[in-house]
Structures are given as C-alpha cells and as structure tokens.
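See below for the structure under consideration.
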Amino acid sequence: MTKPKLLISTDSFLPRIDGVTRFLMEIIPPLRERFDITVVAPTFPGKQIRLEKVNIVYIPLSSWRAGDYQFAKYRPRILRQLVKKNDVVFNQSLGTIGINAIRMAKKEKKPVVSFIHSIDWELASQSIGTAKKLVALVVKWVAKRTYKKCTKLIFPSQQAALKYEEQGIVRPSRIVSLGVDIHRFKPSHSKAMAKRNIGIDANKLVIGFCGRIGREKDLGTLKNAFDKIKENYPVVLLIVGEGVDESLQGDGVILAGRQNDVVPYLQAMDIYVLPSLTETTSLSTLEAMACGLPVICTPVGSLKEYIKHRQNGYLFPRGNVERLSQYLQILLRNPQKRQQLGMAARKTVGEKFHWEDTVKGIIKVLEKFTKL
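Printed below as a string of structure tokens:
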C-alpha cells in the first residue's frame, strides 16, 4: 500500500544539534513506518547525513545571523515544489524555511501541522544581545501572521498553548507532551566507570549541562555559581553542546562540544543544571532526570509543573547565582540527597513522560490529514 507523503520543514537539523534536531532524530524513525518522508532543512557546516528511507533537501545558508543561529536562504520556489509533492506538511520552526513552508502549504491548500518547540518571541529576544523588546515585538507579529495559516498546532504543554493564546494566536490545537525513552536514558551501573569512559577522574563530582550554547541558556550564571564553590569541593563543570562561549572557559570546566549520543555524558554527571531564561518543556532536563540525576533548574515553561521543589529537584530564580550555588553545595555535600532526588526524578519521567505516547499523539494528528 502506498504511504502518504509527509514533508518535514525545519530550520534546525544535523549537523547542527539542538532540541529540535534531537526531537526529529527520535521522531523520524517511527514516522517513516507510516509515511514517505522528505525533510527540507538548512545546509549547516559539517558532514551531512543520510537517513534510511528519508529524502533530505538542503537549502543553502544566507549571511543573516541572529545570536548563534544562521538562517537559510529565502527559497519559496523550492518550498512550493516540495509542498505540491507531499500530502501534509509537518513544520518545526519559524525561520525562513518554516515560514515559507507554511505560506506555500496555504497557497497549495495542503494541511500544515506545526509543532511548537519554543516560545518564539522569548527565544529570539533572549538569544541576542541588544534590542530585545523590538525583536520580541517583531517575532510576535511574524508568529501571528504565520501560524494563523496552519491547519493545526501541536503544543508540548498546556502552559505553552496558553502563552500563544495570550498573544491572539488561536488555531485548532492538541497537547502532545514530550517523552523520553527510559530504557535508553537510564542511570549507569557504575558512576565511576561512566566518568572514566569519558576521560573524567572518577573521584571528581560532576556538575553538568547538556544543550545548545546560546545566550538564552544563561550559562554564565552556571559558570559564576561554579566559580564560587569549586575551591571547596573536588568538582568539575561538564558542558555538553554546540557553540563557543569564551566566558565559559576556565579552570575545572570541561567543554565536551557536540555529541551525537549524550547518554554517556549524562550518566557521568552527579548533578544537572538548567539555568535557561526561556523553555517550553526542556527535553534535555527530562533526559537527565531519566538518567537518575538530581536537577537544579529555573522555573521556566512547564519545568515548574513537573519539578517539585525539594522533592524531585530544585528550582531557583533566573540569574540568581547565590541560590544556585547554595543548592549545588547542598547536593555536593550530601550523596544520599543526590540519590534521593535522582530516584524521584527518574520516577517522575517514568510515570508521566512516555516517549511512546509522544509518538502516538503526533501520528494521530498527522494521519487525520492524510489520505489513507
């Protein structure tokens, strides 16, 4: 039987690694069992990949940058041709590719489903150094004009959906929570061995972060908190992710760079910190929790809903170095507390964030708009 044709439009894809890319690398394998998939994505620097049974169309990069992100060139004709050949568009972003895919789907009367990975105006304004209010206003305007053309929106949480509704962005929608494969993301049998496997002294305590290195992640707050306590504990700071920030370099800091498989790095950590200024769900935090790590996070997005302060993690105010360093010291001094919070964190993910439910929810939405 002929499979329906699905066009995935995205402004983030390998070799660039961020939350959207990692989501796509997890969701594409189950989707290709149901659909003939074409991905249209930017040509980021690095080795381009091939995915089995997936057609990938690359759009060259422009010279236009915002923060650490470089936009793809404006290629509406290519997007229109791709939209014509497919039955439904599954959009992931609001960059040049995402905007044009949505516009062309509207013109060709093809259904377009957008997964909302971030609060676009918050992400855009926090990722740059100046004119934050102006950028937020412009992105809100673009989001309103663009998302109203979508057939359906998928939100990772009710909280994210409400933020869009508050801005007058109201379309038929569905909540599909992000989930984690707890059989893959799990604690190591030996924390010491996990550390040695990635070249870290087994006697060191590891404070970690995993994700794209951008302004909105506010890693400076984490680095400042680490600097306050590092002389008093046998500790290192492990940062896993793409991007360069010279202010993060220093004694005791390990910059592991981009990693296709983050599990060994999460398993080597003793404490996970997310100091972000904006998030929706934070898949990286859920993955850390699934690996049995105690987490210390800012109360952004839906993190304040699934992290119960002092029960399965700690919450600290954005940019508050003193509070973060306080919670770090509590956990560094108390291995039993680390274990207690880590076990509770993994239990939370196991009970509420099933990857299988994420897959089923997305497939259910997409199949509604395909001719089976």
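Residues in the sequence shown are numbered from 86 upward in steps of one, following the numbering used here.
All C-beta atoms, glycine included, are put in the ideal place defined by N, C-alpha and C.
For clarity, every value in this text was computed on a predicted model and none was experimentally measured.
Which value, in whole angstroms, describes the spacing of the CA atoms of residue i and residue j?
{"i": "Lys-302", "j": "Pro-402", "result": "13 Å"}
{"i": "Leu-109", "j": "Glu-452", "result": "18 Å"}
{"i": "Thr-306", "j": "Gly-404", "result": "6 Å"}
{"i": "Gln-166", "j": "Ser-147", "result": "20 Å"}
{"i": "Lys-138", "j": "Ala-126", "result": "16 Å"}
{"i": "Phe-98", "j": "Lys-217", "result": "26 Å"}
{"i": "Met-374", "j": "Val-434", "result": "7 Å"}
{"i": "Thr-95", "j": "Val-124", "result": "8 Å"}
{"i": "Asn-185", "j": "Gln-411", "result": "47 Å"}
{"i": "Leu-219", "j": "Ile-254", "result": "19 Å"}
{"i": "Leu-362", "j": "His-202", "result": "15 Å"}
{"i": "Gly-398", "j": "Pro-420", "result": "14 Å"}
{"i": "Ile-122", "j": "Lys-170", "result": "11 Å"}
{"i": "Lys-248", "j": "Met-278", "result": "43 Å"}
{"i": "Ala-430", "j": "Gly-293", "result": "16 Å"}
{"i": "Thr-128", "j": "Pro-100", "result": "8 Å"}
{"i": "Phe-120", "j": "Lys-445", "result": "14 Å"}
{"i": "Ser-212", "j": "Ile-447", "result": "28 Å"}
{"i": "Gly-342", "j": "Lys-393", "result": "30 Å"}
{"i": "Gly-104", "j": "Gly-386", "result": "14 Å"}
{"i": "Leu-426", "j": "Trp-149", "result": "43 Å"}
{"i": "Tyr-154", "j": "Asp-205", "result": "14 Å"}
{"i": "Ser-273", "j": "Gln-243", "result": "33 Å"}
{"i": "Phe-175", "j": "Lys-229", "result": "18 Å"}
{"i": "Ile-182", "j": "Val-227", "result": "14 Å"}
{"i": "Ile-163", "j": "Ala-221", "result": "29 Å"}
{"i": "Gln-396", "j": "Met-86", "result": "50 Å"}
{"i": "Lys-280", "j": "Gln-133", "result": "30 Å"}
{"i": "Met-428", "j": "Glu-436", "result": "12 Å"}
{"i": "Asn-345", "j": "Thr-215", "result": "32 Å"}
{"i": "Lys-432", "j": "Val-325", "result": "24 Å"}
{"i": "Tyr-159", "j": "Glu-316", "result": "51 Å"}
Skipping 5 residues on each side, what residues in its chain have a beta carbon closer than 7 Å to that of residue i?
{"i": "Asn-309", "result": "Val-406"}
{"i": "Tyr-318", "result": "Leu-290 and Leu-417"}
{"i": "Gly-180", "result": "Asp-96, Phe-156 and Ala-157"}
{"i": "Lys-88", "result": "Arg-119, Phe-120 and Asp-121"}
{"i": "Leu-208", "result": "Glu-301 and Thr-363"}
{"i": "Thr-106", "result": "Ser-97, Phe-98 and Leu-99"}
{"i": "Pro-74", "result": "Past the edges of the chain, shown from 86 to 457, lies residue 74, and the structure says nothing about it."}
{"i": "Ala-246", "result": "Phe-240, Ser-258 and Ile-260"}
{"i": "Arg-269", "result": "Val-348"}
Could you work out which residue in the options is closest to residue i when comparing CA atoms only?
{"i": "Arg-135", "options": "Ser-148, Asp-153, Pro-114 and Phe-270", "result": "Pro-114"}
{"i": "Asn-288", "options": "Lys-276, Ala-151, Met-428 and Gly-299", "result": "Lys-276"}
{"i": "Asp-336", "options": "Asp-312, Asn-317 and Val-348", "result": "Asp-312"}
{"i": "Ile-267", "options": "Gly-214, Leu-378 and Tyr-154", "result": "Leu-378"}
{"i": "Pro-196", "options": "Glu-118, Arg-256 and Met-428", "result": "Arg-256"}
{"i": "Asn-231", "options": "Val-385, Ala-245, Lys-191 and Arg-408", "result": "A quick correction: the sequence has Thr, not Asn, at residue 231. Closest option to Thr-231, Cα to Cα, is Lys-191."}
{"i": "Ser-332", "options": "Leu-304, Phe-175, Val-325 and Glu-316", "result": "Leu-304"}
{"i": "Trp-440", "options": "Gln-344, Pro-241, Ala-246 and Pro-384", "result": "Pro-241"}
{"i": "Lys-30", "options": "Lys-237, Thr-215, Ser-210 and Gly-214", "result": "One cannot answer for residue 30 here, as it falls past the ends of the chain, which runs 86 to 457."}
{"i": "Lys-271", "options": "Lys-432, Cys-376 and Met-86", "result": "Cys-376"}
Once you ignore the five residues that flank residue i on each side, which residues in its own chain have a CB closer than 6 Å to its CB?
{"i": "Phe-438", "result": "Gly-264, Val-265 and Leu-371"}
{"i": "Asp-330", "result": "Ile-298"}
{"i": "Gly-131", "result": "Pro-100"}
{"i": "Asn-140", "result": "Thr-123"}
Just to confirm my understanding: we take residue i, look at its own chain, exclude 5 residues before and 5 after, and list those with CB closer than 8 Å. What are they?
{"i": "Thr-443", "result": "Ile-112, Val-261, Ser-262, Leu-263 and Gly-264"}
{"i": "Ile-469", "result": "In the structure displayed, the chain extends from 86 to 457; residue 469 sits before or after that span and is not available."}
{"i": "Leu-388", "result": "Leu-359, Glu-364, Thr-366, Ser-367, Thr-370, Cys-382 and Leu-400"}
{"i": "Ile-314", "result": "Val-320, Ser-410, Leu-413, Gln-414 and Leu-417"}
{"i": "Arg-408", "result": "Phe-401 and Pro-402"}
{"i": "Lys-233", "result": "Ile-254 and Arg-256"}
Would you list the one or two residues that DSSP bridges to residue i?
{"i": "Pro-127", "result": "Ile-144"}
{"i": "Asn-176", "result": "Ser-94 and Ser-199"}
{"i": "Ile-102", "result": "Bridge partners of Ile-102: none, in fact."}
{"i": "Tyr-399", "result": "Ile-381"}
{"i": "His-394", "result": "Gly-398"}
{"i": "Lys-237", "result": "Val-198"}
{"i": "Phe-294", "result": "Ile-324"}
Tell me whether the beta-carbon of residue i lies closer than 8 Å to the beta-carbon of residue j.
{"i": "Glu-327", "j": "Ile-102", "result": "yes"}
{"i": "Val-450", "j": "Ile-187", "result": "no"}
{"i": "Phe-454", "j": "Val-142", "result": "no"}
{"i": "Arg-297", "j": "Gly-152", "result": "no"}
{"i": "Arg-259", "j": "Ile-356", "result": "no"}
{"i": "Ser-178", "j": "Cys-235", "result": "no"}
{"i": "Leu-92", "j": "Leu-116", "result": "no"}
{"i": "Asn-145", "j": "Met-189", "result": "The identity of residue 145 in the sequence shown is Pro, whereas the question assumes Asn. It is not a contact, given that the beta carbons lie outside the stated cut-off."}
{"i": "Cys-295", "j": "Val-347", "result": "yes"}
{"i": "Val-168", "j": "Glu-193", "result": "yes"}
{"i": "Tyr-391", "j": "Ile-283", "result": "no"}
May I ask whether a heavy atom of the ligand COA can be found less than 7 Å away from the beta carbon of residue i?
{"i": "Leu-322", "result": "Of the ligands one can find in the structure shown there are none, so the ligand COA has no counterpart to examine."}
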